[in-house]
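A quick write-up on the structure given underneath.
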Amino acid sequence: MAVTKKDFEPNRLFWDARMALGLSRPAVADIANGQPVMSTCEHEPMNENYIGRIEQGRIGGGMCVERRSALCLTLEVDDPAKIGLIAERRRPTRSAPSRQLGRRPPIDDGRNEGTAENDLVDFASVLEQRGMSNAELTAVELACERIDQGFARMPPDELMSKLRILTQLVSQHLRQPQTLRHHERLVRLAARVAGLRAWACFDINDHHTADRWFEAAVTVAQDAQAWALGAWLLGAQSLIPWHRRDIRRAAELIERGVYFASQGSEATTRAWLLALQARAYAGRGDIDGFESSYALAEEAAEVSNERDRRHGMDFAHGTLDLRYYGGTGWLLLRQQEHARTELTGSLNALPESHSKARAMLTLLLADAAVQSDDLAEAEALTLYALTSTIQQPIVPILQQGRRIQRLVHQRDPASTAALNEAVQRFSAALTTVATKARL
1 MAVTKKDFEP
11 NRLFWDARMA
21 LGLSRPAVAD
31 IANGQPVMST
41 CEHEPMNENY
51 IGRIEQGRIG
61 GGMCVERRSA
71 LCLTLEVDDP
81 AKIGLIAERR
91 RPTRSAPSRQ
101 LGRRPPIDDG
111 RNEGTAENDL
121 VDFASVLEQR
131 GMSNAELTAV
141 ELACERIDQG
151 FARMPPDELM
161 SKLRILTQLV
171 SQHLRQPQTL
181 RHHERLVRLA
191 ARVAGLRAWA
201 CFDINDHHTA
211 DRWFEAAVTV
221 AQDAQAWALG
231 AWLLGAQSLI
241 PWHRRDIRRA
251 AELIERGVYF
261 ASQGSEATTR
271 AWLLALQARA
281 YAGRGDIDGF
291 ESSYALAEEA
301 AEVSNERDRR
311 HGMDFAHGTL
321 DLRYYGGTGW
331 LLLRQQEHAR
341 TELTGSLNAL
351 PESHSKARAM
361 LTLLLADAAV
371 QSDDLAEAEA
381 LTLYALTSTI
391 QQPIVPILQQ
401 GRRIQRLVHQ
411 RDPASTAALN
421 EAVQRFSAAL
431 TTVATKARL
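Just so you know, the sequence shown maps onto residues 1 to 439 in the UniProt record's numbering.
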């Protein structure tokens, strides 16, 4: 039977929320289109007509996750159901069974022969809670994937805004009944989002918060036996003590990550963990341990797959590129020529858009220049790295920039005026961005 306009039930909840804020339909559309979450939406911007169709009940919860989240933020609610964004709203027809949403048939009290059948129906209905649709869950997973892929190109405040929205969305769905399979996917997604949020906190020097997010994410991944995800999380968490020069603690986290990877991980994550382990050996001056672990990492990387890439992993010609870690290891072992070869190769393979990663590699090359007593080269490379990322400042770049500044100053105090000024500007930019990110 054809559906007519009268078959739809008006969405009074949405209308009430709009009226409470004194917003017109065009205003709701404009504000929603401007929400950060819409940056990943693949549909056309919403307009007045679209908002009208929502209020008529012709559009319900079947819209994409980005639009629904943007409308929730615009109308200041934390649950789409509060503004009627559930399944398409239709009036009950005379031919439809008379039932209320969410009400199950009454369970027999056990005094008749149908008890077993009724119990089975009730049990099955509990196990088959529908919750979000498969398309909706896939859309949220893709939104997370796009944030991961764009992590290297986004400033910390913009990144944190997107991750907060995604965290709220995933948490909201985890509180609602879901099928078992969807619940498992949501749990894994929650762990990945938490890991990205932890990494974003690390980038703005909020190490305490980053550690807490990492710990929560690792616990979830371990409980879900998502070993590859857990291995990546532990490898990422090891960066916090690594940048504090606490090599022992970093090595402990990496060892745990290697164990996770051994429980069931693809080659990509395993290779990345082994490269981190090799660098940790170099940090302790163990050249044999470094060379052994790095050889294992390179062997695993030969069968890596870009499909398994997560933030922190770089690829070149379709395979995992570990030269950043190899170069850093050689640098720690004061083998600057080996380091320069590895680091230059890694830098040349990185896209120009990955300005933060390129800056880190440039600063490591500056470190190699200091080891070779080429102070002019070290200063020029450091100035370039700080200047090129002033719009995307992160703590690791500032930390390494200050290290080069200190090393150059120790050798030639009179030559660091420009470097001092660049470090101060970068530090001020980072403070501004970090303040925005924490709001």
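Ideal Cβ positions, reconstructed from N, Cα and C, are used throughout, including at glycine.
| task | Go ahead and label glutamine 237 buried or exposed: buried means 16 or more other beta carbons lie within 10 angstroms of its beta carbon, across all protein chains shown. | result | Residue burial annotation: glutamine 237 is buried, with at least 16 other C-beta atoms found within 10 angstroms of its C-beta.
| request: Could you check what DSSP says for glycine 114 in three-state terms: helix, strand or coil? | output: Confidence at glycine 114 is low in this model, with a pLDDT of 47, below 50, so the placement of that residue should be treated as unreliable; the coordinate-derived value is given next. The three-state secondary structure of glycine 114, taken from DSSP, is coil.
| message | Taking its Cβ as the centre, do 16 or more other Cβ atoms sit within 10 Å of leucine 142, making it buried, or is it exposed? | response | Leucine 142 counts as exposed, since fewer than 16 other C-beta atoms from the protein chains shown sit within 10 angstroms of its C-beta.
| field | For glutamine 424 and leucine 364, the rounded distance between their alpha carbons | value | So the alpha carbons of these two residues sit roughly 20 Å apart.
| Whether proline 80 touches arginine 67 by CB criterion (8 Å) | No, Cβ-Cβ distance for proline 80 and arginine 67 is not below 8 Å.
| query | Excluding the five sequence neighbours on either side, which residues of its own chain have a C-beta within less than 7 Å of the C-beta of isoleucine 404, listed in chain order? | reply | Hits under 7 Å: Leu363, Ala366, Asp367, Val370, Ala378, Thr382.
| query | How long is the line joining the alpha carbons of threonine 435 and threonine 40, rounded to whole angstroms? | reply | Between the C-alpha atoms of threonine 435 and threonine 40 there is a straight-line separation of about 24 Å.
| field | Closest by C-alpha distance to alanine 257, when choosing among Ile31, Asp246, Ile247, Thr269 | value | It is worth fixing the name first, because residue 257 is glycine in this sequence and not alanine. Scanning Ile31, Asp246, Ile247, Thr269 for the CA closest to the CA of glycine 257 turns up Thr269.
| query | When burial is assigned at 16 or more other CB atoms within 10 Å of the CB, is arginine 192 buried or exposed? | reply | The residue in question, arginine 192, is buried, as its Cβ has 16 or more Cβ neighbours within 10 Å.
| Do you know whose CA, among Met19, Pro36, Glu42, Phe260, lies nearest isoleucine 51's CA? | Closest option to isoleucine 51, Cα to Cα, is Met19.
| query | Whose C-beta lies closer than 7 Å to the C-beta of tyrosine 384 among residues of the same chain, with five residues either side of it excluded? | reply | Hits under 7 Å: Thr362.
| What does DSSP give as the partner residues of alanine 316 in its beta bridges? | Thr319.
| query | Using a Cβ-Cβ cut-off of 6 Å (strictly less than) and excluding sequence neighbours within five positions of glutamine 222, which residues of its own chain qualify? | reply | Correct list, in chain order: Gly230.
| query | Does the Cβ-Cβ distance between residue 441 and alanine 200 come in under 8 Å? | reply | Not covered by the structure: residue 441. The range shown for the chain is 1 to 439.
| Option in His317, Ala295, Tyr294 with minimal Cα separation from asparagine 305 | If we check each option's Cα against that of asparagine 305, His317 comes out closest.
| field | Distance between beta carbons of glycine 326 and tyrosine 294, contact taken as under 8 Å | value | The C-beta separation of tyrosine 294 from glycine 326 comes to about 6 Å, placing the pair in contact by the 8 Å criterion.
| said: Quick check on DSSP: helix, strand or coil for methionine 154? | reply: Assigned with DSSP and collapsed to three states, methionine 154 falls in coil, not helix or strand.
| Span of the alpha helix (DSSP H), counted from its first residue to its last, around tryptophan 233 | As written in the sequence, residue 233 is leucine, which differs from the tryptophan given in the question. DSSP places leucine 233 in the uninterrupted alpha helix (DSSP H) bounded by 227 to 237.
| task | Report the three-state DSSP secondary structure of aspartate 206 (helix, strand or coil). | result | Here aspartate 206 sits in coil by DSSP.
| said: For a test of the three-state rule: what should DSSP assign to glutamate 48, helix, strand or coil? | reply: In the three-state DSSP reduction, glutamate 48 falls in the helix class (H, G or I).
| query | Roughly how far, in whole angstroms, is the beta-carbon of phenylalanine 14 from the beta-carbon of glutamate 55, given that I think they are within contact range, below 8 Å? | reply | Phenylalanine 14 to glutamate 55, Cβ: 5 Å. Contact.
| request: Give me the Cα-Cα distance between leucine 169 and proline 26, rounded to the nearest whole angstrom. | output: Rounded to the nearest angstrom, the two C-alpha atoms are 25 Å apart.
| message | Within 8 Å, do at least three Cβ pairs link the segment 181 to 189 to the segment 407 to 417? | response | Here the segment 407 to 417 makes no contact with the segment 181 to 189; the two share fewer than three CB pairs at distances below 8 Å.
| Which listed residue (Gly57, Pro393, Ser372, Arg212) has its alpha carbon closest to that of leucine 159 | Proximity to leucine 159 across Gly57, Pro393, Ser372, Arg212 peaks at Pro393, based on C-alpha coordinates.
| request: Name the two residues that bound the continuous alpha helix (DSSP H) containing aspartate 367. | output: 355 to 371 is the span of the alpha helix (DSSP H), which, as asked, contains aspartate 367.
| task | Report the option in Ile254, Glu252, Ala228, Glu44 whose CA atom is closest to the CA atom of glycine 264. | result | When each option's Cα is compared against that of glycine 264, the closest is Ala228.
| query | Just how far apart, CA to CA, sit aspartate 246 and threonine 319? | reply | Between the alpha carbons of aspartate 246 and threonine 319 lies a gap of roughly 30 Å.
| Out of curiosity, what's the CA-to-CA distance linking phenylalanine 202 and asparagine 49? | Rounded to the nearest angstrom, the two C-alpha atoms are 43 Å apart.
| CA-to-CA distance, valine 303 to alanine 261, given in whole angstroms | Answer to the nearest angstrom: the Cα atoms are 15 Å apart.
| request: Report the three-state DSSP secondary structure of arginine 103 (helix, strand or coil). | output: Below a pLDDT of 50, predicted positions are generally treated as unreliable, and arginine 103, at 41, falls in that range; the measurement from the model is reported next regardless. Coil.
| task | Look at the Cβ atom of alanine 357, then the Cβ atom of threonine 387, and state whether they are nearer than 8 Å. | result | Taking 8 Å as the cut-off, the beta carbon of alanine 357 is found no closer than this to the beta carbon of threonine 387.
| request: Could you check what DSSP says for aspartate 30 in three-state terms: helix, strand or coil? | output: Reduced to three states, the DSSP call for aspartate 30 is helix.
| Start and end of the alpha helix (DSSP H) containing asparagine 348? | Element bounds for asparagine 348: 336 to 349.
| field | histidine 183 to arginine 244 span [Cα, whole Å] | value | Going by C-alpha positions, histidine 183 is about 37 Å away from arginine 244.
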